[in-house]
Structure formats: structure tokens, C-alpha cells
Amino acid sequence: MGLTVVVGISGGIAAYKAVGVIRALVLAGHDVHAVATDAALRFVGRPTLEAISRNPVETDLFEGVAQVRHVALGQAADLIVVAPATAHTIAKIATGLDDDLLGTTILASRAPLVIAPAMHTEMWQNPATEANIATLRERGVTIVGPESGQLTGSDSGQGRMAEPEDIVAAALAVTGPRDLAGRRIVVTAGGTREPLDPVRFLGNRSSGLQGVSIAERAAARGADVTLIGAHLEVPVPASVAFVPVGTARDLQTTVTDAVAGADALVMAAAVADYRPESVAETKIKKEQTGDELVLRLVKNPDVLAELGAQRRPGLTLVGFAAETETDDDARLELGRAKAARKGVDFLVLNRVGWAEGFVTDRNSVTVIDAAGTIVTEASGAKVTVADRILDLLAR
Ligand code: CTP
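Printed below as a string of C-alpha cells:
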């Protein structure tokens, strides 16, 4: 059955991409009402929005006052998607300002709210915007993107609006099935750090975004989620229980405790395979080490393989495999060997490299089962990939 969806459009160049969002929602069978700010209508034409949405476009707070439009729209909505959400609109939503139809509609609604920010990198990284986004996340608003890439000018960076299909997928997922209700899922994310001395560590480039997206989506689908995070560079969703960890051995202790009674463990964390044999008590000094410094490393426990070896029935294990191998078949073979070695039920294979896997908001994965058979292939925003991985646990 179709949903009543309000698509809010605020005034940024990405407003033209809102057309794609509306189109995808309409084609999926939903009743879409576009609410555009005045500024938005300077970027995208009303006739376009009306033709694509098949409904009149609402802009003015003082139109249709007799039907109390702002309240009616807000109350009728099953879902509100704001795409693009400018820094200004984000600030207004965070503060609860309602000086236009979009503001009043959002304020008068109890529907889930999904926003797709779009702005220049400096504006996205401004502490004011960061604080507003943190507020919205805490209130349970789903934030999709922004992505890194070419911006409107000649510059590039984080701030590009997410692609319409990813926004629609994230938005529909919010209203989607609570098919993980009652399940207890432990997710690890981020990268462990192994100290060398009080100021230095050996680490890796994992930001934690893929694991955090899995935790966030699992919670949205009704699961009781524990997120074990090592040095996360992304915000922790308010919907999960969070335990921060530092080293691989910290992570092992925490995971071992957390999986007691859990239905599934998703090991998205990049765990250091080795740690310095000894940690210097004081800062390692050049005068003492000279022109060369040789580090002696010892092997860390393989958290996943140990859990796989002494498997408790009822605990589903999902591992990740980060491989730099560029040949698809060869990478699949590495994955099959790794799945067997770790004793997992599913292994999510993804290609990593200097420019792949870590630095982007997107991912492309192949999931195999314990027998090495491909069960899922998914690509898109990390949140979309998260849902496809969770589909396997829901089944
Ligand atoms: N993992 C783990 N403990 C480790 C290393 C990895 O639990 N000490 C987990 C990761 O969280 C991931 C999976 O094992 O789910 C595979 O990690 P990956 O780095 O791809 O494999 P490695 O075992 O480190 O093998 P290699 O470095 O040889 O590719």
C-alpha cells in the first residue's frame, strides 16, 4: 500500500535532484506532496514538480488557510523527506522554527523525518551545522549523506547531496518492516589502535561508517543493538547501546561479553592483526633510537576466528573481508578461504585500496555464505549496503 510522503525541498542547487526523489517515490506507488520553499522554486520549476509528483506543489503558508494546510499535511504524512536540506533548513528544523509551510509541516507531524543535506564543505563542517545535525540525529531523524565529490563550483569535498535512489531507499527503510524486532545484535565498527608509547599508535583507515550504518539500520528494524566502536570518526546513533574500545584485545574482551545471549555478531571493525611487543612507558626519543627504529610486533588474537571455533549454537557470525586484490575471481577465492578459516556464516567481501572502501560513503560488497556461495551483491550508500546485509539476518 502506498504511503503519503511529503517531500520538502529547500533552496539549493541540488533542488533539481529532488525531482528524481519524487519520481522514484511515485513510481514505487506512493502519494507524494512536494512542499518547496520560495528559494527552492528559484532552482526548480513548479510545473516540473507538479507533473512529476502528480499533486499540487505547496509553498505558501497563507494558501488554503481554511483547511489549515500545514497541520493537515503534517498529520497526513507517513513520512517526510527533505531533499535537499540546506544548512539554513537544517538549522530551522533543529530549532523548531516554522516561518514557512515546510517548517510548520515538519513541526506539526509525528511522521519519521529523513533529511538529505546538501551544501558546501565549509558549511557542512561548521560547528553550528554539526551541532544541528547532532541534535537531529539524537531526535531520531535519519540523515542521508552528504557525499564527497564535485560540488557546484570548481571545488570538491563533502557536501554533495546523496543520490536520489539512496535517499529513497533510506527513507522507505525508515518506514520499513521491523523484521529484526526481538533480536539481539552486536556490531563492531571502526579501527583498533595499538599503542607504541603514550603518544603514538599503529592504526588503520577505517572510519567506522559501514559498521555504524549496520548498527543504525538494525536498530531501526527493531533489533536490540550493541555497537562496539573503536575510534569512530562518525557519530554514534542514539538508538544503540555504545561501548567504546581501543585495542584489539579490548575489543576481544568486550565482544566476548557482549555476544553472550546475542543472536548475531557483525564484525565490521578493522582489527589490528599485530601489536607492538612492548609499549614504551615514556615517549620514544630520537636521540635514543638513532637513524633507524625497528618495531617488533606480535600477533593479536583473531577475535572472529576464536568465536567461530567455539561456536555457540544460535549465534550467527558475520565477518568482513577487506581485500586489495583487484581481480574479482581471485578476490572471491580469498574470501572463500577466509570464510572457512574464520568459521563464519556469512562473509562480506569488499575491495579496499588507496581510494576505495575507507574514504567514501559508498560501498560495493559481495556476501558469501559458509559454503562460499554468493548470497548477496550490493552496492550504493553504506546505509543501503547495511540493509542488504541485515536482510540475510532477517531471513
Ligand atoms: N578480525 C578479527 N580479529 C583480528 C583480525 C580480523 O576478528 N585480529 C575480523 C575482522 O573484524 C573481519 C574479519 O576478521 O570481520 C576479517 O578481517 P580481515 O582484516 O579481512 O582479515 P584478516 O584475518 O586480518 O586476514 P588478512 O589480514 O590476512 O587478510
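Residue numbers for the sequence shown follow the working numbering, beginning at 37 and rising by one. Glycine residues also receive a C-beta, built at the ideal position from the N, C-alpha and C atoms. Note that the structure is predicted; figures quoted are calculated from it, not measured.
- DSSP places Ile179 within a strand segment (E or B) once states are collapsed to three.
- For Leu426, the closest C-alpha among the options Ile250, Val380, Leu245, Ala207 is that of Ile250.
- Taken from the Cβ of Val222, every heavy atom of the ligand CTP lies 6 Å or farther away.
- Contact annotation: His69 and Val42 have beta-carbon atoms nearer than 7 Å.
- Cβ neighbours of Asp309 within its own chain (closer than 7 Å, five residues either side excluded): Lys335, Asn336.
- By alpha-carbon distance to Arg431, the top candidate from Asp381, Ala123, Ala407 is Asp381.
- Distances from the CB of Phe356 to the heavy atoms of the ligand CTP include at least one below 6 Å.
- For Ala121, the enclosing beta strand (DSSP E) starts and ends at 115-121.
- Distance from the Cα of Ser275 is smallest, within the candidate group Thr292, Ala256, Val291, for Ala256.
- Secondary structure at Val302: strand, using DSSP grouped into helix, strand and coil.
- Counting of Cβ neighbours within 10 angstroms places Leu85 among the buried residues, the total reaching 16 or more.
- Distances from the CB of Leu340 to the heavy atoms of the ligand CTP include at least one below 6 Å.
- Taking 6 Å as the cut-off, one finds no heavy atom of the ligand CTP near enough to the beta carbon of Val334.
- Counting only runs of at least 4 residues, the segment 258-319 fully encloses the following alpha helix (DSSP H) elements, listed from N- to C-terminal order: 284-294.
- Check the Cα spacing between Ala72 and each of Pro92, Leu133, Ala64, Leu370: the tightest is with Pro92.
- Relative to Val177, the option among Glu323, Asp405, Ala130 whose CA is nearest is Ala130.
- With respect to the 7 Å criterion, Gly371 and Leu385 are classified as neighbours on the basis of their beta carbons.
- Closest in alpha carbon position to Leu383, among Val411, Gly389, Thr141, is Val411.
- Here Ser242 carries a coil assignment [DSSP, helix/strand/coil].
- Distance check between Thr283 and each of Thr325, Asp338, Lys319 places Asp338 closest, using alpha-carbon atoms only.
- Pro83 counts as exposed, since fewer than 16 other C-beta atoms from the protein chains shown sit within 10 angstroms of its C-beta.
- Ranked by Cα distance from Gly379, the first of Val248, Pro349, Ala345, Thr224 is Ala345.
- With a cut-off of 6 Å, the C-beta of Val403 is classified as distant from the ligand CTP, since no heavy atom of the ligand falls inside that distance.
- Per DSSP, the unbroken beta strand (DSSP E) holding Ala358 starts and ends at 352-359.
- By DSSP's assignment, Gln111 forms no beta bridge with any residue.
- When only Cα atoms are considered, Pro148 and Thr228 end up about 34 Å apart.
- Looking at the DSSP output, Glu413 shares a beta bridge with Thr402.
- The secondary-structure analysis by DSSP pairs Ile169 with nothing; it has no beta-bridge partner.
- Taking a C-beta distance under 7 Å as the contact criterion, Gly244 and Gly265 qualify as a contact pair.
- Taking Gly47 as reference, the option from Gly56, Arg59, Gly81, Ala64 with the minimal CA-CA separation is Gly81.
- Per DSSP, the continuous beta strand (DSSP E) segment holding Ile221 begins and ends at 220-226.
- Between Pro120 and Ala167, the C-beta spacing is not below 7 Å.
- According to DSSP, residue pairing for Ala70 in a beta bridge involves Val43.
- Between the segment 179-196 and the segment 131-147 there are fewer than three inter-stretch CB-CB distances shorter than 8 Å, so the stretches are not counted as touching.
- Assigned with DSSP and collapsed to three states, Val80 falls in coil, not helix or strand.
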